[in-house]
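Residue numbers (mature numbering (1 follows the signal peptide of the UniProt record, and there is no 0)): -29 to -1, 1 to 173. Report on one structure; see the data block that follows.
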């Protein structure tokens, strides 16, 4: 009888121990974590740092040749005794317009200064790109040449050289507007939109 009582007492003690361990584990799981002195800003900073990855510029930057997309505002060519100053039409006019824009004055004033001592006739020739109807382009290029002629005459005043204006449309391109792949080349078209001012001397 005593042995049975001892066994039951041992079993009860073991059960109580297991129960106390289980309760302690449950209490530990249900208790909120103790962050102590952890600053919320530290948490945000850590999260931000974990979300940032290094990026290699070489994987996203493509080499670009600026000469294909940047057109010179003014070019000059001397052939024998004749000087030809070529000005991009995009500098002088808005798209599809024949009225000089605000930026044209400075450009043409500089050219006019060189024409003051010219004795021969000054030629102003307008050119367009190949987009659109030929007749329309010829008229547009002629109107633009006339606008440049008038601006030069106004700047020179009386006593200046004779100035003649004409338009050639897209008949005399200086660049091929279709690339080797058959695609349109906007940079080439920009080169073809121009006004040429020719005179004797320099």
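All residues carry an ideal CB built from backbone N, CA and C; glycine is no exception.
Can you check DSSP and say which residues form a bridge with residue i?
i           : result
residue 102 : In the DSSP output, where bridge partners are listed per residue, residue 102 has none listed.
residue 97  : 138 and 166
residue 55  : 48 and 169
residue 149 : 155
On the CB-based measure, 16 or more other CB atoms within 10 Å of its CB, does residue i come out buried or exposed?
i           : result
residue 100 : buried
residue 97  : buried
residue 135 : exposed
residue 145 : exposed
residue 79  : buried
residue 59  : buried
residue 88  : exposed
residue 49  : exposed
residue 57  : buried
residue 106 : exposed
residue 108 : buried
Would DSSP call residue i helix, strand or coil?
i           : result
residue 176 : Since the first residue shown for the chain is -29 and the last is 173, residue 176 is missing from the structure and cannot be characterised.
residue 44  : coil
residue 115 : helix
residue 76  : helix
residue 109 : helix
residue 50  : strand
residue 165 : strand
residue 136 : strand
residue 155 : strand
residue 124 : helix
Could you please give the first and the last residue of the uninterrupted alpha helix (DSSP H) stretch that includes residue i?
i          : result
residue 89 : No alpha helix (DSSP H) contains residue 89, which DSSP labels as neither H nor E.
residue 62 : 60 to 63
Report task. Would you check if the stretch 109 to 119 and the stretch 51 to 70 touch, i.e. whether three or more CB-CB distances between them fall below 8 Å? Result -> The stretch 51 to 70 vs the stretch 109 to 119: in contact.
Query raised in the report: Do the stretch 120 to 134 and the stretch 75 to 83 make contact, defined as three or more Cβ pairs closer than 8 Å?
Result: Here the stretch 120 to 134 makes contact with the stretch 75 to 83; the two share three or more CB pairs at distances below 8 Å.
**Report entry** Segment contact flag, the stretch 105 to 113 with the stretch 139 to 149, C-beta cutoff 8 Å, min 3 pairs
**Finding:** In short, these stretches touch, since the Cβ pair count reaches three.
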